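Report on the structure given below.
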Amino acid sequence: MLVDSHCHLDRLDLAAHDGSLDAALDAARQRGVGHFLCIGVSADNAADVKALAERYADVDCSVGIHPLDVQPDATPALDWLLRELDHPRVVAIGETGLDYHYEPQAAEVQQASFRLHLEAAQQTGKPVIIHTRGARADTLALLRDAALPQAGVLHCFTEDWDMAKTALDMGYYISLSGIVTFRNADALRDVASKVPADRLLVETDSPYLAPIPYRGKPNLPQYVREVAEFLAMLRGESYERFAEQTTENFKRLFPLAHVRAVSA
Numbered sequence: 483m484l485v486d487s488h489c490h491l492d493r494l495d496l497a498a499h500d501g502s503l504d505a506a507l508d509a510a511r512q513r514g515v516g517h518f519l520c521i522g523v524s525a526d527n528a529a530d531v532k533a534l535a536e537r538y539a540d541v542d543c544s545v546g547i548h549p550l551d552v553q554p555d556a557t558p559a560l561d562w563l564l565r566e567l568d569h570p571r572v573v574a575i576g577e578t579g580l581d582y583h584y585e586p587q588a589a590e591v592q593q594a595s596f597r598l599h600l601e602a603a604q605q606t607g608k609p610v611i612i613h614t615r616g617a618r619a620d621t622l623a624l625l626r627d628a629a630l631p632q633a634g635v636l637h638c639f640t641e642d643w644d645m646a647k648t649a650l651d652m653g654y655y656i657s658l659s660g661i662v663t664f665r666n667a668d669a670l671r672d673v674a675s676k677v678p679a680d681r682l683l684v685e686t687d688s689p690y691l692a693p694i695p696y697r698g699k700p701n702l703p704q705y706v707r708e709v710a711e712f713l714a715m716l717r718g719e720s721y722e723r724f725a726e727q728t729t730e731n732f733k734r735l736f737p738l739a740h741v742r743a744v745s746a
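For the sequence shown, the working numbering assigns the number 483 to the initial residue and increments by one for each residue that follows.
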C-alpha cells in the first residue's frame, strides 16, 4: 500500500469525480493508496480537517497555521493550538514553518508562529510538518534551537542536498511531491536519489503541484501513485518495495496514525 502523507482534502477540485470526495478517495484507494494525511493550514479549517478524519477511517489530520496564513498583527495562541491537538485523529502539528518567497516582510511574525508550533511539539510529542521556502537558514536555526526529541518532516521539499542533509542529521524526514517529476527539477532529483530509504515520504500536496503527466491540472490524491512510481524508478527500486518502505516510514514518523493493512 501507499500513503499520501500530505494532502488538502478540504480544498480538492472534485470536478473529475462529479463533486464527490468519496469518489476521489475511492479512485486513490483503487490505485493502492491506503491512507491519507489531511493537513491543517489555518484556524478556519481546523474543524474541517478534523471532521474529515472523523468521517473516514483511512484519513488522519494535522492542525496548525501555515506561515502564509499567520495574521500580521497576531500569532496563534498556544492554548488554542494545544486544545486543537488534543483530538484522537490529530496526529501531527502543522503545517507550519517559514515562507519568505511571498512575504519576506512577515519574517518576524512567521518566526513567532513557528516557535509556538515547536513549543506545542515539545509539550505534546507530536511531530511537526514543516513548510519552508526562501528561508533556509532561519528554518534550520529554529529547528536546531528547538532540539525536538521527536522527528518531523520537511514536506514538499524543494531545497538542495545541503539543506536536506542538515535536516536529516537533526532527525527529520524528507517528503517529495510531484515537483520531482518536473522537467527543470534536476537538483531535486539529485536530492531524491540521496535521501536514505528509511527517511523518505511521498505526497501529493493536492490540489496543488500535480505531477507529470497531469501538470497544470488540479492535483488529486490518486496521483501520489505517479510520484511514487517516478521516485522508485529514479532510485532503482521496485515500486512495491518503495511503497512498502515509505509506508513503514510514515507509520514510524506518525505513530498515532490509524494506518491499517489493506488487501491487494
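Glycine is no exception: its CB is placed at the ideal position from the N, C-alpha and C atoms. Every value quoted in this text rests on a predicted model; they were computed, and no experiment measured them.
Next on the checklist: Closest to Arg752 by C-alpha separation, out of Ile612, His488 and Glu585, would be which residue?
Outcome noted: With the chain running from 483 to 746 in the structure shown, residue 752 is simply not present.
Next on the checklist: When you compare the CB positions of His517 and Val741, do they come within less than 8 Å of one another, or not?
Outcome noted: For the purposes of this step, residue 517 is identified with residue 35 of the sequence shown, where counting begins at 1. For the purposes of this step, residue 741 is identified with residue 259 of the sequence shown, where counting begins at 1. The answer is yes: Cβ separation under 8 Å.
Next on the checklist: Give me the residue from Gln727, Pro609 and Leu702 with the minimum Cα distance to Ala509.
Outcome noted: Residue 509 sits at position 27 when you count from the first residue of the sequence shown. Ranking Gln727, Pro609 and Leu702 by Cα distance to Ala509 puts Leu702 first.
Checklist entry - Do Val709 and Thr728 come within 8 Å of each other at the CB atom, strictly closer than that value? => result If you number the sequence shown from 1, residue 728 lands on position 246. If you number the sequence shown from 1, residue 709 lands on position 227. Result no, Cβ atoms of Thr728 and Val709 do not sit closer than 8 Å.
Checklist entry - Tell me which same chain residues have a C-beta within less than 6 Å of the C-beta of Phe712, skipping the five on either side of it? => result Position 230 of the sequence shown, counted from the first residue, corresponds to residue 712. Sequence-distant Cβ neighbours of Phe712 in its own chain, meaning closer than 6 Å and more than five residues away, are Thr663.
Checklist entry - When you compare each of Thr621, Leu658 and Asp668 to Phe724 by their alpha carbons, which one comes out closest? => result Looking up residue 724 in the sequence shown gives position 242. The residue with the shortest Cα to Cα distance from Phe724 is Leu658.
Checklist entry - Who are the Cβ neighbours of Glu536 in its own chain at under 8 Å, not counting the five residues just before and after it? => result The sequence position of residue 536 within the sequence shown is 54, counting from 1. For Glu536, where only same-chain residues beyond five positions count, the Cβ hits under 8 Å are Arg571.
Checklist entry - Applying the criterion that 16 or more other CB atoms from any shown protein chain within 10 Å of the CB defines a buried residue, is Gly718 buried or exposed? => result Working through the sequence shown from its first residue, we reach residue 718 at position 236. Exposed is the call here.
Checklist entry - Going by alpha carbons, who is nearest to Ile694 out of Asp680, Ala667 and Ser675? => result The residue labelled residue 694 in the question sits at position 212 within the sequence shown. Here the closest residue by C-alpha is Ala667.
Checklist entry - If we count the other Cβ atoms within 10 Å of its Cβ and call it buried at 16 or more, is Ala746 buried or exposed? => result As a working mapping, residue 746 is identified with position 264 in the sequence shown. With a pLDDT of only 42 at Ala746, under the threshold of 50, the placement of this residue in the model should not be trusted; the figure read from the coordinates follows. Exposed: under 16 other Cβ atoms inside 10 Å.
Item to check | At least three beta-carbon pairs within less than 8 Å, the stretch 669-676 to the stretch 519-529 | outcome: Short answer: they don't touch.
Item to check | Thr606 - DSSP class collapsed to helix/strand/coil | outcome: Position 124 of the sequence shown, counted from the first residue, corresponds to residue 606. Residue state for Thr606 is assigned as helix, using DSSP reduced to three classes.
Checklist entry - By the 10 Å Cβ neighbour count, where 16 or more other Cβ atoms means buried, how is Arg665 classified, buried or exposed? => result One-based indexing of the sequence shown puts residue 665 at position 183. Its Cβ having fewer than 16 others within 10 Å, Arg665 is exposed.
Checklist entry - Does the beta-carbon of Ala743 have 16 or more other beta-carbons within 10 angstroms, so that it is buried, or is it exposed? => result Stepping through the sequence shown from its first residue, residue 743 is reached at position 261. It is exposed - the Cβ of Ala743 has fewer than 16 other Cβ atoms within 10 Å.
Item to check | Assigned secondary structure, Leu534 (DSSP; H/G/I helix, E/B strand, else coil) | outcome: Within the sequence shown, the letter at position 52 stands for residue 534. Looking at Leu534 - three-state DSSP - the assignment turns out to be helix.
Next on the checklist: Quick check on this structure: which residue in Ala628, Ala498 and Val541 has the alpha carbon closest to the alpha carbon of Gly607?
Outcome noted: Residue 607 sits at position 125 when you count from the first residue of the sequence shown. Of the candidates Ala628, Ala498 and Val541, the one whose C-alpha sits nearest the C-alpha of Gly607 is Ala628.
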